[in-house]
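Protein chains in written order, with this note's numbering: chain A, 18 to 361; chain B, 18 to 361; chain C, 18 to 361; chain D, 18 to 361.
There are 4 protein chains.
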Amino acid sequence: MKPVGVAVVGAGYWGPNLIRNFAASELTRLRWVCDLSPERAQQVIGTQSEVNVTDDLDEVLQDPEVEAVAIATPPSTHSPLAQKCFAAGKHVLVEKPLAESLEEGRAMVEAADAAGLTLMCDHTFCYTSSVRKIKETIDDGELGDILYFDSVRVNLGLIQRDVDVFWDLGPHDLSILDFILPDGVTPEAIAAHSADPMNVGQACVGYLTLPLSNGGIAHAHLNWLSPTKIRTTIIGGSKRMLVWDDLRPGQRIHLYDSGIDLEPVDAAKRREYLVSYRAGDMIAPAIRETEALRLVVEEFANSIREGRAPLTDGRAGLRVLEALTAARQSIAQSGAMQQLGQTR
Amino acid sequence: MKPVGVAVVGAGYWGPNLIRNFAASELTRLRWVCDLSPERAQQVIGTQSEVNVTDDLDEVLQDPEVEAVAIATPPSTHSPLAQKCFAAGKHVLVEKPLAESLEEGRAMVEAADAAGLTLMCDHTFCYTSSVRKIKETIDDGELGDILYFDSVRVNLGLIQRDVDVFWDLGPHDLSILDFILPDGVTPEAIAAHSADPMNVGQACVGYLTLPLSNGGIAHAHLNWLSPTKIRTTIIGGSKRMLVWDDLRPGQRIHLYDSGIDLEPVDAAKRREYLVSYRAGDMIAPAIRETEALRLVVEEFANSIREGRAPLTDGRAGLRVLEALTAARQSIAQSGAMQQLGQTR
Amino acid sequence: MKPVGVAVVGAGYWGPNLIRNFAASELTRLRWVCDLSPERAQQVIGTQSEVNVTDDLDEVLQDPEVEAVAIATPPSTHSPLAQKCFAAGKHVLVEKPLAESLEEGRAMVEAADAAGLTLMCDHTFCYTSSVRKIKETIDDGELGDILYFDSVRVNLGLIQRDVDVFWDLGPHDLSILDFILPDGVTPEAIAAHSADPMNVGQACVGYLTLPLSNGGIAHAHLNWLSPTKIRTTIIGGSKRMLVWDDLRPGQRIHLYDSGIDLEPVDAAKRREYLVSYRAGDMIAPAIRETEALRLVVEEFANSIREGRAPLTDGRAGLRVLEALTAARQSIAQSGAMQQLGQTR
Amino acid sequence: MKPVGVAVVGAGYWGPNLIRNFAASELTRLRWVCDLSPERAQQVIGTQSEVNVTDDLDEVLQDPEVEAVAIATPPSTHSPLAQKCFAAGKHVLVEKPLAESLEEGRAMVEAADAAGLTLMCDHTFCYTSSVRKIKETIDDGELGDILYFDSVRVNLGLIQRDVDVFWDLGPHDLSILDFILPDGVTPEAIAAHSADPMNVGQACVGYLTLPLSNGGIAHAHLNWLSPTKIRTTIIGGSKRMLVWDDLRPGQRIHLYDSGIDLEPVDAAKRREYLVSYRAGDMIAPAIRETEALRLVVEEFANSIREGRAPLTDGRAGLRVLEALTAARQSIAQSGAMQQLGQTR
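If you want it as structure tokens, here you go:
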């Protein structure tokens, strides 16, 4: 397979990670780094590199060897930059969130479709060994039906002027949820609650609740104000429960083979049950850890070459964006439940 | 101090614990155990006891040496039994929740007030060494302002026909919150979300969200469907954070002396801050563990003798009941926020 | 099966636990409690019991309905009391250590043998759910060959005048080791090191090292001077490793299915290996917890009725006693290795 | 201060870490990397570096700008290489263990002394934030007298042909012990026990016991055959206990302020004590983590410029070497205790 010629736009916080992985993968060939500050771009790629540096996106887009562009700039610029790339016939990988508004996001997906180009959203967590193991476990039916998904993502975060805790941390849990839910199970609505107890002008503590189409429920606790870090997700299934503790290297996933067995005594009377409890083994499966971003970069390249949608395509980015937008609306309406599902 | 003559009504699940503690304390004298099944009552007190057994509450109430009655029967009977006791001039300790409806609860408080009698609600958790240490820590100002209170109470629970996860587990967190919040800080409203993903006819997974009057937020995750037990409460303060893990005997409370320091750059522009992070020590204070129920029983006796309101009086029970009732209404309205504060 | 008539001698620290279990089991009938202080004996059994109380062992031994005696007195009295019982034709259960000296212990075993009576040593830990699970795991070959056994038993202990840390805590690990080692694998020798760093006149920190007959090694760290409690045993096998953390209720045993695979490149040159490492799952098996002492009491009764040696018979007690005695000698000789195996 | 001109000999396993730190520090100037394979050396420093590469140590030693040489080659070569450097008037930093034999080690120390040159041993652990915090805690008297030091260093290790578990892992614990013991307290002797239960031709499980001059005891459990990693050191003091868990980033050190208070009842009778137990707080101090090897490199440069002995000088290396050599002798004599202290 011929390596995909790539340019990275944005050499700030996340860009250097993309640059490193595009440079290292044999499936891609990094041609350009474009940043408002060419000095910063140069510093990231080093003095000896053959990669070109510019502050002019047009120059990049005119290079016929650039087939694809990775956009790692602030969210407000995602849409205009991506549209420019599509107009120039380039595939696009964009950081999360896909765009600043649902309208922009939809237009991006449509533009990519119309041009027959790939639009991929960098939902990095979906490419971690842990989340892929979770998806595999669910797909294999080991958990049974998904009863609940409960995530706690708590940390001392950098308080930002233009982003609240939902738009900062929420895309992680929303994209993971979107990725692992089995076919046919979707979040049907979302309610959000938040607080800004230190008066910084942004929600710093937030809760998301998403009723699922199968009667289950998903929930995320997002918190910037905790000196101890917690990153734990519990997924309760009708057969087994899975606990993912992302801060426990070497043993991040635990599967509990215990639970409740219900036997309806009388089908007519729904409320009468013989309840029995199973106490079963706990298993921490061995997981080979790999760098998630390397897989992101390679999925991008492979999906372009194979002419198929990437695992986390523009539509996945759009679903996360829809949930974030609806959460914002819910906050504005004192936590009122907002319907989802327009973007599918 | 002359011991308070006491009768216990209900020798089922919780009654025997009350009976044991009333019998053991020097501040009380257990006179009667009253149960629909006198055999069960007899079994609990043993064959050699001088305590009387009956299935007739009237007999108990006619005994002039009975000054106080502890009610450990199903919630629907709390109100009629308590009213009978008040009519007979007896002080009352009642299990949580105070009553089945807010109206009944209010009438109970009013009846006790009118008769000049003590009404205490058995919010047992408020008498544990951990919760008393938490209250002390907050009262001493060690946490600073309360920014958030987040509780996770997750367990494989016995699925019950007539009680959902809110009414079963919620009183614990609501009474603790009521107990520890500093003067002047109150929950202003409540929203509730739930799921019954196994179709048992009762909410088995639930979330409560309570905006606080100081701009903070309280939240509880209540869950009957998890084979692993979690009982962790995080209380974030402006100065320090406290983590209470009730499943870690000998080291249940951890205080983190790290956090965020904000310095407003310009008072006029609220959104500009110099943020700095402190990395501080963590302290697990030594706590002498005592049986909570023993303290419940002694607080009941002391408050009667001293003619003062007990720490967890009928009004505290009423506030918890108001929150539970409002949560039920929120569920009926798809999670819409319900105002609180009518009962203060 | 007719219940075994039993007397308990000694109502001090451990006696009450035996008394409770003998009274509760259907396989035994508690007839007497004998203690130097009949008041203490009476207090333990309560005022309503039909069990007899005495301070005169002869009275007990003359009762033809007493078939067996449990001895829970200080170690120095084990031998004379047991010999008296054997002389009276009674079976004996004795607390650990079996006796104060190896000679006494041997004489006890011989006396029991000569009289055709049961002598059982109360190695309580061998009857816990954890140790039985460990034995089962080893017997099933799940661990493969036993490479090492490493135990840490560390705690703030009551400093005693007449017992050092080896004689206090050592019997636990030595009896467990004796119990779980597969047939044909035995400790061949023992070395002991200790310190009395607070100058209390007794070894308070001690280490035991026991080379095993299969080339493996066993080791125990015994420590009275630690405010944090540790009770962890690691058993390394050629196939799997087992970690037993006795302070983690509900998840005391963890099995690691990872390890080393050796492939000799050349049988002639022992030192050349292809080493490969397996990273495998970790499993915490579900274990139903039962009271160990209840099983002790029932094993005693069953072994008497079935005329067979109990699981932890006098010989097991003797092997532990031999190791303790040899450890004492090792200490006296600056840690010199002492041969074991005289008692098998 | 003028940067110290440095050459690194050996670009294999550990060398690249030294090279990176010498290159990054402003206190040193890396001039040469010398390796049997100049290609490997070149690969480590990269194609763009001004650092010279050679396989000829003489070329390095002839460079007048090279003031100091860091030796990261196999132990058997430490002595001849270091002696060559001293003969050429160069200061030396050498990896642990200092040399392969005590005689060689002594000769190295003497040669450095005679030439007035610095000899430093790279006991990296002594420069970690954790060990420096431990030393500080002990020096401040917070632990009181050192009663015991117990280390467990357990891991699946690479089985090596020419090194056993003592020479591989032992230098860590021996150098830490040497570093943190307060003035006047020294290990007086050493006993070693080991096993090679998989028949690989090397001790894979080992125990070291070192009686201390103050009546305390030090002990290390070294183990290559465990799939789970444990790196825990407990230091019991007369006032407090410290637990160092090196696998718990952000909370590696815990201080327990609980323990035993002894009050002799009668000075004449040593064995009578009023024992009382204190239950105190536990504190995990905040520790700023820095790269240990950077501090090694800077201590080397500073000690050269200041003409003083480095923190971990040749004599410290020699003390560790003496203990390792004595341990080997102890193994050969079935664990017999070997005196230490010849090297002080």
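Cβ atoms here follow ideal geometry from the backbone N, Cα and C, with glycine treated the same way. The model shown is predicted, which means the values in this text are computed figures rather than measured ones.
Asked, Found
"Counting only Cβ pairs nearer than 8 angstroms, list the residues of chain A close to S275 (chain C).", "A303"
"Touch check for the stretch 230 to 249 of chain D and the stretch 166 to 182 of chain D: three-plus C-beta pairs under 8 angstroms?", "yes"
"Please list the partners that A296 (chain B) has in chain D, where partner means a Cβ-to-Cβ separation under 8 angstroms.", "A303, R305"
"What are the residues that DSSP puts in a beta bridge with E112 (chain A)?", "A:D139"
"Suppose contacts are defined by Cβ-Cβ distances below 7 angstroms. Is A318 (chain C) in contact with T145 (chain C) by that definition?", "no"
"Which same chain residues, not among the five before or five after V171 (chain D), have their C-beta less than 6 angstroms away from its C-beta?", "N240, S243, I247"
"List, in order along the chain, the chain D residues whose C-beta lies closer than 9 angstroms to that of D330 (chain C)?", "The contacting residues do not exist; D330 (chain C) stays about 29 angstroms from chain D at best."
"Does DSSP put T307 (chain C) in a helix, a strand or coil?", "coil"
"Quick one, which residues of the stretch 181 to 202 of chain D are near chain C if we go by CB-CB under 8 angstroms, in chain order?", "none"
"Can you find the residues in the same chain that come closer than 6 angstroms, C-beta to C-beta, to L191 (chain A), ignoring five residues on each side of it along the sequence?", "V337, A340"
"Count Cβ pairs between the stretch 174 to 184 of chain A and the stretch 95 to 105 of chain A that sit closer than 8 angstroms; are there 3 or more?", "no"
"Going along the chain, which residues of the stretch 252 to 276 of chain D sit with their C-beta nearer than 9 angstroms to a C-beta in chain C?", "G253, S255, R257, M258, V260, H271, Y273, D274, S275, G276"
"At a Cβ cut of 8 angstroms, what residues of the stretch 153 to 167 of chain C count as close to chain A, listed as they run along the chain?", "none"
"Report, in whole angstroms, the separation of the C-beta atoms of G276 (chain C) and R257 (chain C), which I expect to be a contact under 8 angstroms.", "7 angstroms"
"Starting from the C-beta of E121 (chain B), find all residues in its chain whose C-beta is less than 7 angstroms away, skip the five residues before and the five after it, and write them out in chain order.", "S96"
"Leaving out five residues on either side along the sequence, give the residues of the same chain with a beta carbon under 6 angstroms from the beta carbon of G29 (chain C).", "none"
"Could you please give me the residues that DSSP links to P204 (chain A) through a beta bridge?", "A:L229"
"Taking D330 (chain D) as the reference, give the member of D:D130, D:C221, D:Q79, D:Y294 with the closest Cα.", "D:D130"
"Tell me whether E82 (chain C) is buried or exposed, calling it buried when 16 or more other Cβ atoms sit within 10 Å of its Cβ.", "exposed"
"Kindly give me the distance between the Cβ atoms of A206 (chain D) and Q356 (chain D), rounded to whole angstroms, as I take these residues to be in contact under 8 angstroms.", "5 angstroms"
"Which residue from A:D156, A:G352, A:L229, A:G133 puts its Cα closest to that of G358 (chain A)?", "A:L229"
"Measuring alpha carbon to alpha carbon, tell me which of A:L264, A:A349, A:M299 ends up nearest Y273 (chain A).", "A:M299"
"Who does S293 (chain B) pair with in a DSSP beta bridge?", "B:D278"
"In whole angstroms, what is the alpha-carbon distance linking D200 (chain B) and P327 (chain B)?", "17 angstroms"
"When DSSP labels each residue in this structure, what does D167 (chain C) get in the three-state scheme?", "strand"
"Check for me: the alpha helix (DSSP H) holding D298 (chain D) runs from which residue to which?", "No alpha helix (DSSP H) holds D298 (chain D); DSSP gives it neither H nor E."
"Keeping to the same chain, check which residues put their C-beta closer than 8 angstroms to that of V202 (chain B); ignore five residues upstream and five downstream.", "I163, L229, S230, N231, G233"
"Thinking just about the alpha-carbon of each residue, which of D:A124, D:H271, D:G133 is nearest to the one in E84 (chain D)?", "D:G133"
"Can you tell me whether DSSP reads A318 (chain B) as helix, strand or coil?", "helix"
"In chain D, which residues lie with their C-beta within 7 angstroms of the C-beta of S243 (chain C)?", "I251, G253, M258"
"State the CB to CB distance for the pair V107 (chain D) and L78 (chain D), rounded to an integer number of angstroms; the pair is presumed to be in contact (CB under 8 angstroms).", "It should be noted that the sequence gives Lys, not Val, for residue 107 (chain D). K107 (chain D) to L78 (chain D), Cβ: 6 angstroms. Contact."
"Near C143 (chain D), which residues of its chain fall below 7 angstroms by C-beta distance, leaving aside the five closest residues on each side in sequence?", "S192, I193, F196, L328, T329"
"Counting only beta-carbon separations shorter than 7 angstroms, does H108 (chain B) have a partner in chain A?", "no"
"So who's on the other strand from A85 (chain A), going by DSSP bridges?", "A:V23, A:H108"
"Taking C-alpha atoms, which residue in C:A343, C:A344, C:E316, C:E323 lies nearest to F39 (chain C)?", "C:E316"
"Round the Cβ separation of V70 (chain B) and R48 (chain B) to the nearest angstrom and send it over; I've been treating them as touching at under 8 angstroms.", "Not a contact, Cβ separation roughly 11 angstroms."
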